[in-house]
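According to numbering that gives the first Met the number 0, the sequence shown holds residues 0 to 107 in order. Every residue gets a Cβ at the ideal spot worked out from N, C-alpha and C, and that includes glycine. This one's a predicted model, so the numbers in the text were calculated from it and none came from an experiment. Read through the structure below, which is laid out as structure tokens, and then see the notes.
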Amino acid sequence: MSRHKKRFPAFLLHRRLGLLLVAFIIILAITGIMLNHTDGLQLSQHRVNNAIVLSLYEINPKNPIISYHSRQHIISQLDSQIYFDRQKLLNDSQQLRGVINTQNMIIA
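Set out below in structure tokens:
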């Protein structure tokens, strides 16, 4: 007679869940270390272009970016935010229609 231990389904399920949990904890630890060292890894210099990730965090703009060039400057509107070059100026629900240059000012 051979003595074979029976493997119970609960034992196998417990083992598989444990392995999945260990893998999840390792991934969680690695990403946590990466987030703690964002300056050294220069993570702020990389752009995320994955459509799924951007939609999960609701980063995608509702409307396309509207931009107008004015001599050396760019005036842009992204959704309701208006930018002068890269500096945020104000929130405005009206759509940006154009830019006019005068001697001392730029009118948008």
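Own chain, CB closer than 8 Å to residue 43, minus 5 neighbours either side, in chain order: Counting from 1 along the sequence shown, the entry for residue 43 is found at position 44. Within the same chain, residue 43 has close Cβ partners 37.
Entirely enclosed alpha helix (DSSP H) segments - the region 49 to 93, minimum 4 residues: Counting only runs of at least 4 residues, the region 49 to 93 fully encloses the following alpha helix (DSSP H) elements, listed from N- to C-terminal order: 50 to 55.
Assumed close pair residue 73, residue 84 - CB separation to whole angstroms, cut-off 8 Å: Translated into the one-based positions of the sequence shown, residue 73 becomes position 74. Translated into the one-based positions of the sequence shown, residue 84 becomes position 85. About 6 Å separates the two Cβ atoms, so the contact holds.
Close Cβ partners of residue 91 (< 7 Å) along its chain, the five nearest in sequence each way excluded: Stepping through the sequence shown from its first residue, residue 91 is reached at position 92. Cβ neighbours of residue 91 within its own chain (closer than 7 Å, five residues either side excluded): 79, 81.
Beta-carbon proximity of residue 76 to residue 53, cut-off 8 Å: Position 77 of the sequence shown holds residue 76. Position 54 of the sequence shown holds residue 53. Cβ atoms of residue 76 and residue 53: not closer than 8 Å.
Residue 103, DSSP secondary structure in three states: As a working mapping, residue 103 is identified with position 104 in the sequence shown. Looking at residue 103 - three-state DSSP - the assignment turns out to be coil, as it is neither helix nor strand.
DSSP state of residue 41 mapped onto helix, strand, coil: Counted from its first residue, the sequence shown places residue 41 at position 42. It is coil, neither helix nor strand.
Three-way DSSP call (helix, strand, coil) for residue 36 in this model: To locate residue 36, count along the sequence shown from 1; it is residue 37. Three-state result, residue 36: coil.
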